[in-house]
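Encoded as structure tokens, the structure appears first; notes follow it.
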Amino acid sequence: MKEMDLDLLLVVNRENLIYFTGLTQIECMAVLIPREGEACAVTLWLDAAYVREGSGLKTYGYVFPEESLVDKVVERIREYGLTKPRIGFERYFVGFALFDGLRTAFPEAGFTGAADLFYKIRSIKDEQEVALIRQAAMAACRGMEAAAGAVRPGVTELDVLAEAEYAMLKAGSAGSPFRPQVVSGERALLTHPCASSKKIQPGEIVVVHLGATCEGYCAKICRTVAVGEIPPQQAAVYQVLQEAQQRSIEALRPGVTTGDVDRAARAVVEAAGYGRSFLDYIGYGMGLRQSEFYPVIGKGGSDIIEAGMVVDLLLPTVYRPGTGGPRVTDVIYVGENQNEILTAYPRDLIIV
Numbered sequence: 001m002k003e004m005d006l007d008l009l010l011v012v013n014r015e016n017l018i019y020f021t022g023l024t025q026i027e028c029m030a031v032l033i034p035r036e037g038e039a040c041a042v043t044l045w046l047d048a049a050y051v052r053e054g055s056g057l058k059t060y061g062y063v064f065p066e067e068s069l070v071d072k073v074v075e076r077i078r079e080y081g082l083t084k085p086r087i088g089f090e091r092y093f094v095g096f097a098l099f100d101g102l103r104t105a106f107p108e109a110g111f112t113g114a115a116d117l118f119y120k121i122r123s124i125k126d127e128q129e130v131a132l133i134r135q136a137a138m139a140a141c142r143g144m145e146a147a148a149g150a151v152r153p154g155v156t157e158l159d160v161l162a163e164a165e166y167a168m169l170k171a172g173s174a175g176s177p178f179r180p181q182v183v184s185g186e187r188a189l190l191t192h193p194c195a196s197s198k199k200i201q202p203g204e205i206v207v208v209h210l211g212a213t214c215e216g217y218c219a220k221i222c223r224t225v226a227v228g229e230i231p232p233q234q235a236a237v238y239q240v241l242q243e244a245q246q247r248s249i250e251a252l253r254p255g256v257t258t259g260d261v262d263r264a265a266r267a268v269v270e271a272a273g274y275g276r277s278f279l280d281y282i283g284y285g286m287g288l289r290q291s292e293f294y295p296v297i298g299k300g301g302s303d304i305i306e307a308g309m310v311v312d313l314l315l316p317t318v319y320r321p322g323t324g325g326p327r328v329t330d331v332i333y334v335g336e337n338q339n340e341i342l343t344a345y346p347r348d349l350i351i352v
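Numbered continuously in full-length UniProt numbering, the sequence shown closes out at residue 352.
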């Protein structure tokens, strides 16, 4: 904060609130972190006991009926003795009402985007965070096992997803961090698909992309299932993607850039002749978001990989009708000397 010349950090983004307070069951909340003095949680009065007992913070402000979060945040900033505060905030997560209220209350305030600071702090995981991601990864693997066992001709994509989600919940997941995907046939080429009532047919691929959470921390896994014999071009694409993923995992180590990791995977895809049909990004940080804003692993990326990071690698497919569609992705912990694949589920093409 001193380097950024800030008096105060204002935290409202859900993932950052979980990180700084340890609380996962939050709805209306802000945390003020001053350069000098105690951090303060501003929350609904209904959540007072929950926040006091679980956050570890010592100072609170409660929003009662007929009050607003904006008014209470302004009140707390004034109690810090700040009249011209230099506030660091999360540019993409502060709503207009809050920003306008701060600007009106403190017309001479300075506002600086500080989200990158939060993302970089969150990118390095401690042992407890890794343990939670590992638990989420185990639940995701149980879901994949159930999904693979449910795929057969005549069942719908939603049927398969139902089995997967039930298995993940039974394994301890608190729910998916994104809308999970089970897509078959030509639908596998959709960019952001979701499960539908379409019935799975013989000779199709079924892409299963699942996520799980444990105390807010996320993991995800993607595999491709072949329903009997599939076109040889699609099987070949999966082999290329599997090899590209393996090369990127081998390149993933402390000190390299995200562009270096991407280059290792992209070389395999381009050598197979699919470079023009492949997207520019192959992975992201993994933690309280299923796709963190840092690091971002893609073409020309300059983010530096560090020990303690957790990332996912390689979801994009080859976007070529009649050939593309298969996908694979895993969650990897970056160690000082070696990596650990947290989603420990076989990565070969699943044939049913």
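Glycine included, every Cβ here is placed at the ideal spot set by N, Cα and C.
N- and C-terminal bounds of the beta strand (DSSP E) containing residue i
| i | result |
| --- | --- |
| residue 110 | 110 to 113 |
| residue 20 | Careful: residue 20 lies outside any beta strand (DSSP E), inside the alpha helix (DSSP H) at 14 to 21. |
| residue 330 | 330 to 333 |
| residue 158 | No beta strand (DSSP E) holds residue 158; the alpha helix (DSSP H) holding it covers 157 to 170. |
| residue 298 | 296 to 298 |
| residue 8 | 8 to 11 |
| residue 288 | Element bounds for residue 288: n/a, residue is neither H nor E. |
| residue 175 | Premise fails: residue 175 is in no beta strand (DSSP E) and is neither H nor E. |
| residue 56 | No beta strand (DSSP E) holds residue 56; DSSP gives it neither H nor E. |
Coil, strand or helix - residue i by DSSP
| i | result |
| --- | --- |
| residue 220 | strand |
| residue 135 | helix |
| residue 304 | strand |
| residue 205 | strand |
| residue 32 | strand |
| residue 25 | coil |
| residue 181 | strand |
| residue 142 | helix |
| residue 62 | strand |
| residue 50 | helix |
| residue 199 | strand |
| residue 280 | coil |
| residue 122 | helix |
| residue 320 | coil |
| residue 39 | coil |
| residue 117 | helix |
| residue 3 | coil |
| residue 86 | strand |
| residue 336 | coil |
N-terminal and C-terminal residue of the alpha helix (DSSP H) that residue i is part of
| i | result |
| --- | --- |
| residue 247 | 232 to 251 |
| residue 259 | 258 to 271 |
| residue 104 | 96 to 105 |
| residue 70 | 69 to 79 |
Cα-Cα separation between residue i and residue j, rounded to whole angstroms
| i | j | result |
| --- | --- | --- |
| residue 168 | residue 218 | 12 Å |
| residue 274 | residue 1 | 46 Å |
| residue 132 | residue 172 | 11 Å |
| residue 192 | residue 28 | 29 Å |
| residue 293 | residue 285 | 7 Å |
| residue 144 | residue 26 | 30 Å |
| residue 230 | residue 161 | 21 Å |
| residue 98 | residue 215 | 28 Å |
| residue 157 | residue 200 | 7 Å |
| residue 140 | residue 174 | 11 Å |
| residue 6 | residue 121 | 17 Å |
| residue 72 | residue 289 | 28 Å |
| residue 301 | residue 62 | 43 Å |
| residue 253 | residue 306 | 7 Å |
| residue 89 | residue 279 | 31 Å |
| residue 76 | residue 51 | 17 Å |
Nearest-angstrom Cβ-Cβ length linking residue i and residue j, presumed shorter than 8 Å
| i | j | result |
| --- | --- | --- |
| residue 355 | residue 255 | Limits of the chain in this structure are 1 at one end and 352 at the other, which puts residue 355 out of reach. |
| residue 265 | residue 277 | About 14 Å separates the two Cβ atoms, so there is no contact after all. |
| residue 408 | residue 220 | The first residue shown for the chain is 1 and the last is 352, placing residue 408 beyond what the model contains. |
| residue 206 | residue 227 | 6 Å |
heavy atom of the ligand ZN below 7 Å from residue i C-beta
| i | result |
| --- | --- |
| residue 239 | With respect to the ligand ZN, the structure offers nothing, as it holds no ligand at all. |
(message) For the pair the stretch 63 to 75 and the stretch 31 to 50, tell me if three or more CB-CB distances fall below 8 Å.
(response) The stretch 63 to 75 makes contact with the stretch 31 to 50, as at least three CB pairs between them are under 8 Å.
(request) State whether the stretch 307 to 314 contacts the stretch 330 to 339, with contact taken as three or more CB pairs (one from each stretch) at a distance under 8 Å. (result) A contact exists between the stretch 307 to 314 and the stretch 330 to 339.
(request) Say whether the stretch 34 to 42 touches the stretch 52 to 66, bearing in mind that this needs 3 or more beta-carbon pairs closer than 8 Å, one atom from each stretch. (result) Yes, the stretch 34 to 42 touches the stretch 52 to 66.
(message) Any contact between the stretch 74 to 86 and the stretch 104 to 116? By contact I mean 3 or more CB pairs, one from each, below 8 Å.
(response) The stretch 74 to 86, when compared against the stretch 104 to 116, does touch it at the 8 Å Cβ threshold.
(request) Kindly confirm or deny that the stretch 117 to 137 and the stretch 332 to 346 touch, where touching means at least three C-beta pairs closer than 8 Å. (result) Here the stretch 117 to 137 lies against the stretch 332 to 346, with 3 or more beta-carbon pairs under 8 Å apart.
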